[in-house]
Ligand code: CDP
Ligand code: MG
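Here it is, written out as structure tokens:
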């Protein structure tokens with residue numbers, strides 16, 4: 001590293017917390033990189049377009065610099081004058097976090113000051129934050145407390161092509177907010193307050209949460225809102241039409257040719273095929289990093305282990321392969337690793353979920369391995385079930401994935417399926433709003449005072465049946481009244497919790513059953529993927545480890561045992577060796593017990609957040625001690641829609657959907673097969689499996705959920 005001296009280098013080094021010598025080249029490199037991005041050529045024009053249009057649609061190829069650069073241009077262009085914030089929404093938390101870190105670095109400021117991010121359970125912003133990255137779901141939640149989103153002068157809805165349910169609903173909401181704010185601004189000029197009050201506003205007032213109404217009343221001027229919608233897909237028409245013919249501009253990207261390779265035959269095991277392809281590239285191809293698209297944490301971690309196990313078997317000179325995972329629940333400091341260049345002589349292989357398709361652009365990729373699969377949530381309105389399933393990608397996704405190989409030079413994409421399969425893929429992914437349970441969204445819209453869900457101005461209307469089923473679910477959970485209004489207090493409380501309605505219900509019921517202490521742990525543990533891991537070659541050992549935690553009552557109590565055991569270990573270890581060492585010891589403890597330490601850490605973070613949430617809401621956090629009966633009854637009282645009864649042949653019938661299901665082999669009740677169970681989720685592979693299962697008494701259902709179950713006379 002060349003050493004450089006400059007008059008301001010010490011200040012700069014302080015900001016970067018680096019040394020004098022490595023700071024300047026990095027800053028210069030970043031400046032150079034920024035200038036070279038395709039979007040830099042149109043900075044001026046974009047600023048003009050934003051000034052001239054209240055709604056602007058920006059379409060640009062992935063990697064052209066939209067997400068990282070535009071907010072900085074707007075900031076420098078004076079769009080934060082008067083303290084307004086530029087809010088940028090992302091469908092994925094990983095993108096919000098990594099991009100915010102990058103932009104803070106580009107601006108040379110500590111994260112959380114001028115540039116910050118906020119995602120569920122993690123808020124790194126302050127009163128000085130002006131460029132705020134966040135998830136689309138989080139901004140929706142903010143609207144509950146600030147219905148006009150008055151803090152924001154500009155809102156950028158990024159990655160709109162992803163069409164998550166939150167993005168779609170947010171667009172609908174922003175349309176109203178924008179209208180009201182520009183109307184509000186002109187009304188203020190006319191000194192006429194009343195016109196600006198729409199139903200949303202009045203509803204808030206009735207709610208007693210009318211801070212903005214108050215401000216408004218006191219004469220605070222509502223300033224107009226600029227709205228920018230950014231998308232990687234060329235089809236801007238749908239957004240443009242939705243916003244009354246809004247202007248769309250295109251940012252030209254750069255793309256080098258990508259050589260497409262297919263398999264001759266369909267692969268039966270795409271994990272194995274991906275593994276072989278990784279090594280084939282590593283051993284036979286020239287330098288360049290590899291990006292592999294997988295469907296989730298479990299797959300990623302299993303390939304990571306397999307690659308690491310095989311590496312030592314290669315000749316010494318061929319072992320320079322660095323495996324780097326990236327997925328949503330990975331701790332954020334680990335997520336940043338994908339952006340760091342590999343040490344000299346090493347090749348990086350990045351194992352990613354579809355997050356790397358468009359949300360984050362990783363430099364240095366020359367080879368893409370695409371098994372052609374993706375995990376999606378689906379919803380079957382007739383049964384009310386919402387299984388996560390692994391399906392084939394769409395053509396649009398496959399193209400985005402292969403495009404990742406040609407950003408910095410010519411690349412290669414290995415599709416792990418035959419070429420004719422590509423042409424059979426669907427053109428694009430169905431918007432999530434058409435294939436998901438809407439109860440969460442309905443709960444939020446209701447809390448915003450939007451009662452007429454069917455009449456809501458959706459970008460694309462969800463299925464009527466799905467709306468009805470989701471309302472029914474909310475009604476059965478006690479969140480809605482007979483008149484389909486939000487119930488008091490349960491519905492309001494449920495809307496305030498950043499959780500699935502059933503989990504929120506579980507916490508609320510638990511405070512009545514005096515087991516909220518335990519339920520907070522259970523819900524935190526259910527909110528993360530794969531607490532346990534069972535490597536193929538150590539299956540027996542991992543089973544023995546699991547047995548030491550397992551409860552004959554089921555998986556929820558087993559999860560509770562794991563959490564408590566880890567806490568106990570951690571606390572003891574802290575006393576003996578101090579905080580830092582205790583963290584390390586805990587990771588070791590996890591390894592010995594075949595527990596995924598990343599997942600456990602994530603669960604601990606979620607736990608502390610939701611604990612704060614329920615305390616703020618005034619719920620009583622008490623413990624049921626060693627008696628687990630109240631906790632099981634409480635699970636029955638909240639998961640009653642996921643109840644199943646054993647059939648003579650040992651399978652189960654899910655009571656509300658009528659589906660035949662089996663207990664997943666990973667459950668502690670897999671062999672015990674109790675008469676009646678509740679479950680957390682239904683996984684559909686070749687079988688209908690239910691996961692995270694607890695034994696309950698059939699009679700509790702009629703007692704605790706009479707709105708759903710009655711005993712036969
Ligand atoms: O949003 P868009 O896909 O147009 O591009 P972007 O996310 O703004 O990325 C622009 C450039 O910044 C790419 O070359 C990325 O590789 C780089 N980048 C980075 O180096 N580190 C990050 N954490 C994020 C982006
Ligand atoms: Mg982007």
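Residue numbers (the UniProt record's numbering): 1 to 713. Cβ atoms here follow ideal geometry from the backbone N, Cα and C, with glycine treated the same way.
Bounds of the alpha helix (DSSP H) holding residue 490 are 490-496. Per DSSP, the continuous alpha helix (DSSP H) segment holding residue 137 begins and ends at 136-145. The count of Cβ pairs closer than 8 Å, one atom from the stretch 427-445 and one from the stretch 466-473, reaches three, so the stretches are in contact.
Residue range 395-403 is occupied by the alpha helix (DSSP H) that includes residue 403. In this structure, the alpha-carbon of residue 428 lies about 40 Å from that of residue 668.
Looking at the backbone, the Cα of residue 555 and that of residue 515 are separated by about 17 Å. In this structure, the beta-carbon distance from residue 293 to residue 401 falls below 8 Å. Non-local C-beta neighbours of residue 569 in its own chain, meaning closer than 6 Å and more than five positions away in sequence, comprise 589, ordered along the chain. If you draw a 10 Å sphere on the C-beta of residue 494, you find 16 or more other C-beta atoms in it, and that means buried. With fewer than 16 other CB atoms across the displayed protein chains lying within 10 angstroms of its CB, residue 650 is exposed.
DSSP places residue 375 in the strand class (E or B) of the three-state scheme.
Each of 433, 222, 664 was checked against the Cα of residue 165, and the nearest Cα belongs to 433. Screening all residues for a C-beta within a distance smaller than 6 Å of any heavy atom in the ligand CDP leaves 37, 60, 62, 63, 64, 65, 66, 67, 68, 69, 98, 99, 102, 339, 361, 363, in chain order. Under the three-pair Cβ rule at 8 Å, the stretch 227-245 counts as touching the stretch 156-164. Contact between residue 653 and residue 641 fails: their C-beta atoms lie close to 14 Å from each other, not under 8 Å.
Residue state for residue 87 is assigned as strand, using DSSP reduced to three classes. A buried status is given to residue 518, since no fewer than 16 other beta-carbon atoms sit within 10 Å of its beta-carbon. Assigned with DSSP and collapsed to three states, residue 250 falls in strand. As summarised for the stretch 86-118, there are no continuous beta strand (DSSP E) elements at least 3 residues long confined to that stretch. Residue 136 has its CB no nearer than 7 Å to any heavy atom of the ligand MG. Here residue 252 is exposed, its C-beta having fewer than 16 other C-beta atoms within 10 Å. Contact annotation, residue 682 with residue 447: C-beta distance approximately 27 Å; criterion of less than 8 Å not satisfied. Contact annotation: the stretch 91-98 touches the stretch 344-359, with at least three C-beta pairs closer than 8 Å. For residue 142, the closest alpha carbon among the candidates 179, 89, 620, 383 is that of 89.
Residue range 411-415 is occupied by the beta strand (DSSP E) that includes residue 413. With the rule of 3 Cβ pairs closer than 8 Å, the stretch 408-424 counts as touching the stretch 258-269. Closer than 7 Å to some heavy atom of the ligand MG: that describes the Cβ of residue 159. Secondary structure at residue 228: strand, using DSSP grouped into helix, strand and coil. The three-state reading of DSSP puts residue 407 in coil, since its state is none of H, G, I, E or B.
For the pair residue 393 and residue 374, the CB atoms are nearer than the 8 Å cut-off.
Burial of residue 664 is indicated by the presence of at least 16 other C-beta atoms within 10 angstroms of its C-beta.
In this model, residue 410 and residue 103 are separated by some 27 Å (Cα to Cα). Here the C-alpha atom of residue 405 lies approximately 48 Å from the C-alpha atom of residue 477. In the structure shown, the three-state DSSP call for residue 617 is coil. Residue 366 sits in a strand when the DSSP states are folded into three classes. Between residue 38 and residue 254, the C-beta spacing is below 8 Å.
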